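Participant:
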Amino acid sequence: MSSQDSIYPSSLQSLPGHTIRRLHQIATGIFHQEVQESGLTPVQYSALQTVHDYPGIDQRTLARMIALDASTTAGVVDRLEARELLTRSASPDDRRVRLLCLTTEGEALLQQTLPAMWRVQELILAPLSVEQQKTFMQMLQLLVTENNDLSRAPMESATLGKIPRNTRN
1 MSSQDSIYPS SLQSLPGHTI RRLHQIATGI FHQEVQESGL TPVQYSALQT
51 VHDYPGIDQR TLARMIALDA STTAGVVDRL EARELLTRSA SPDDRRVRLL
101 CLTTEGEALL QQTLPAMWRV QELILAPLSV EQQKTFMQML QLLVTENNDL
151 SRAPMESATL GKIPRNTRN
């Protein structure tokens, strides 16, 4: 019997990867239930929030900050631009670089969605006590941080220091 046999019984429900995938399904379902009026997906919300926080961010940096590959990010930005929630313009320094800014409609939708986003977070964590919520989030952040380089689209938070953060909130 290997040491893994005692840590991970043969049941699928006892495997961390399966359980994390299942929690992601649940979190996504809660998101859609609470935020459906906005018509946003979780990834679109992440993109809008990041562009709000970093106006003028380039599309490639956005991809790294929300841990998506460039082609997926382009599709997300295309859909948000089609809904007139953000604008994409060429950088004056490099015409190949696309800079992103929220439109007035994008800012308004983001603000309207915030209460629902807080409800989503509360519902996801509701079964846990406040202390368990803190511990869970610390452990989750540790796993994400330590395994970030194993991702096909690693998040690059080091880019945060290069972009002036929007302090209007």
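Take 1 as the starting number for the sequence shown in UniProt numbering and just add one per residue.
Even for Gly, the Cβ is constructed at its ideal location relative to N, Cα and C.
Just so you know, these numbers come straight off a predicted model, no measurement behind them.
So which of L110, L99, V43 and D93 has the shortest CA-CA distance to V76?
Facilitator: Residue V43 is the option with its Cα nearest to V76.
Participant: Could you tell me whether the Cβ atoms of V120 and I30 are closer together than 8 angstroms?
Facilitator: yes
Participant: How many Å lie between S89 and Q59 at the Cα?
Facilitator: When rounded, the distance between both Cα atoms is 10 angstroms.
Participant: May I have the straight-line CA-CA distance separating G17 from P92, to the nearest angstrom?
Facilitator: Roughly 44 angstroms between the two C-alpha positions.
Participant: Beta-carbon separation of L110 and Q49 under 8 angstroms?
Facilitator: yes
Participant: Using CA atoms only, rank isn't needed, just tell me which of L12, A70, L40 and E131 is closest to V97.
Facilitator: A70
Participant: Drop a sphere of 10 angstroms on the beta-carbon of P72, count the other beta-carbons inside from all chains shown, and report buried for 16 or more, exposed for fewer.
Facilitator: Strictly speaking, residue 72 in this sequence is Thr, with Pro absent from that position. Exposed is the call here.
Participant: Is it buried or exposed, R64, if we count other Cβ atoms within 10 angstroms and call 16 or more buried?
Facilitator: buried
Participant: Buried or exposed, going by whether 16 or more other CB atoms sit within 10 Å of the CB of H32?
Facilitator: exposed
Participant: Using the Cα positions of Q132 and R95, report the straight-line distance between them to the nearest angstrom.
Facilitator: 49 angstroms
Participant: Let me know the secondary structure DSSP gives Q149 once reduced to three states.
Facilitator: A small fix is needed here, since residue 149 is Asp in this sequence, not Gln. Helix, per DSSP.
Participant: Relative to the alpha-carbon of Q25, which residue among E37, T41 and T104 has its alpha-carbon at the smallest distance?
Facilitator: Selected option, being the one with the closest Cα: T41.
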